[in-house]
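Residue numbers are given in our numbering: position 29 of the sequence shown equals residue 21, and the series is strictly consecutive.
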Amino acid sequence: MPSRPFVPVRFQSRVTELGMFELWCHSSQSDRNWKLEFNARS
-7 MPSRPFVPVR
3 FQSRVTELGM
13 FELWCHSSQS
23 DRNWKLEFNA
33 RS
């Protein structure tokens, strides 16, 4: 399978009880998922 520069994804997000912003990227072409986290607290 050739490497592609972009992967189409669907986004799912939430803010946790600890103030972390979770962003999930779900591939539109496979079963792969990626979780990104950001600290949203001041």
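Cβ atoms here follow ideal geometry from the backbone N, Cα and C, with glycine treated the same way.
Keep in mind that this is a model prediction, so the values were computed, not measured.
Going by C-alpha positions, residue 9 is about 30 angstroms away from residue 22.
Your pair residue -3 and residue 20 does not check out as a contact, with CB atoms roughly 15 angstroms apart and the cut at 8 angstroms. Here the alpha carbons of residue 11 and residue 29 stand approximately 10 angstroms from one another. Close CB contacts of residue 15 within its chain, under the 8 angstroms cut and outside five residues either way in sequence, are with 3, 4, 5, 27, 28, 29 and 30 (chain order). Excluding sequence positions up to five before and after residue 18, its CB lies within less than 7 angstroms of the CB of 1, 2, 4 and 25, all in the same chain and listed in chain order.
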